[in-house]
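For the sequence shown, counting from 1, position 128 maps to 328 in the numbering used here; every step adds exactly one.
Ideal Cβ positions, reconstructed from N, Cα and C, are used throughout, including at glycine.
Working notes, structure below.
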Amino acid sequence: MVHDFSRRRGQRRLLAFCLAAMSLAAAGPASAQDSLSQSSIQAQQTQAELQSRIDEADDATRDALERLRQANQQADRLESYNAELAPIVDNQAKRIASEQKALAQISVTREALPGELRQMVEQLRAMIEADMPFLRDERLARVDDLEQMLTRDDASQADKLQRIFSVWRTELDYGREMDQWSGPLDGAQSEAASQGSQMAREVDYLRVGRTGWYYVTPDDRAGGVWSVANGEWEVLDGDQIDEVRRGIRIAQDQSAPALLHLPASLAVENGRASTEDQS
201 MVHDFSRRRG
211 QRRLLAFCLA
221 AMSLAAAGPA
231 SAQDSLSQSS
241 IQAQQTQAEL
251 QSRIDEADDA
261 TRDALERLRQ
271 ANQQADRLES
281 YNAELAPIVD
291 NQAKRIASEQ
301 KALAQISVTR
311 EALPGELRQM
321 VEQLRAMIEA
331 DMPFLRDERL
341 ARVDDLEQML
351 TRDDASQADK
361 LQRIFSVWRT
371 ELDYGREMDQ
381 WSGPLDGAQS
391 EAASQGSQMA
401 REVDYLRVGR
411 TGWYYVTPDD
421 RAGGVWSVAN
431 GEWEVLDGDQ
441 IDEVRRGIRI
451 AQDQSAPALL
461 HLPASLAVEN
471 GRASTEDQS
């Protein structure tokens, strides 16, 4: 009986062992399959992550390339624009240099301007005093006004210069114009001229530029021509008095322009002044 029990127990052990082996054999393929599936899933996940990184890298690369392309285009435009601006900038630089030089000269001129203005007025006075004495008081009064203006501080240098130029233009115009007016007889007279016009209180004047200055009495009985060389009035004869009267009518626009046959107050020949007849 003991022996049978031992055989049965051995058989039960063998059976348990077989069952365990079969259980392990059955569990082994399932576990391996599960492990393989898990590895496959992890590989797919890793591959997906790698692909996502690759895609992100591709997007970043494309963005970088697009920015680079745009930067190159902008650089080309800027280079072209700079090429167009180069001559303009060069001209502006030259103009700035020129203006800076002009400003420096203006500064020097501004400092010297008061002295220049004073000299212009002095020259104007000297010219009038050396000229024929027609309208002398009126002309010298303008110079007096200019000298007073130079001492004032309520006028700018530009205003002073403009007024001086205005008086200079008036004086220059005297040399190109024909003029007439009436007034008292001024200036020294030769003996012959004073005999004919000593009773005249007012005479009619005619000026032809700076070459001839004449007068006739209102009754046309006497007349004279200013002699620059002698600094006095010289007598005119009857025909010359008629010519002066005709010139006065021309200056008054009462007669058509015509050639006047009159002696000149100032005639320059070989650098010497004379009062020879002029046609």
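At the C-beta level, VAL444 and LEU406 come within 7 Å of one another.
Secondary structure in the stretch 370 to 435: the alpha helix (DSSP H) runs of 4 residues or longer, each lying completely within the stretch, are 391 to 397 in chain order. One Cα belongs to ILE328, the other to ASP379, and the distance between them is close to 17 Å. Only residues of its own chain outside the window of five on either side were considered, and among them GLY387 have a CB closer than 6 Å to the CB of PRO333, listed in chain order. Put simply, the stretch 361 to 374 touches the stretch 317 to 331. At least three CB pairs are less than 8 Å apart. Of the residues ALA341, GLU311, ALA393, the one whose Cα lies closest to the Cα of LEU324 is ALA341. Closest in C-alpha terms to PRO384, from the list GLU316, GLN395, VAL416, comes VAL416. Note on TRP426: 16 or more other CB atoms within 10 angstroms of its CB, so buried under the neighbour-count rule. Residue range 336 to 350 is occupied by the alpha helix (DSSP H) that includes ALA341. Taking C-beta separations shorter than 8 Å and ignoring five residues to either side along the sequence, the partners of SER382 in its chain run GLU402, VAL403, ASP404, TYR405, following chain order. A residue is called buried when at least 16 other Cβ atoms come within 10 angstroms of its Cβ; GLN274 does not meet this threshold and is exposed. Under the three-state reduction of DSSP, LEU462 is assigned to strand. Contact between LEU460 and GLY447 is confirmed by a C-beta separation of about 5 Å, below the 8 Å threshold. Take ALA393, set aside five residues on each side of it, and the residues of its chain with a beta-carbon closer than 7 Å to its own are GLY424, TRP433, GLU434, VAL435, in chain order. The C-alpha of ALA458 is placed about 8 Å away from the C-alpha of ILE450. Rounded to the nearest angstrom, the gap between the Cα atoms of GLN440 and ASP331 is 23 Å.
Just so you know, the alpha carbons of THR411 and ALA355 end up roughly 37 Å apart. DSSP, reduced to helix, strand and coil, places SER280 within a helical segment of the structure shown. When DSSP states are grouped into helix, strand and coil, ALA355 belongs to the coil group.
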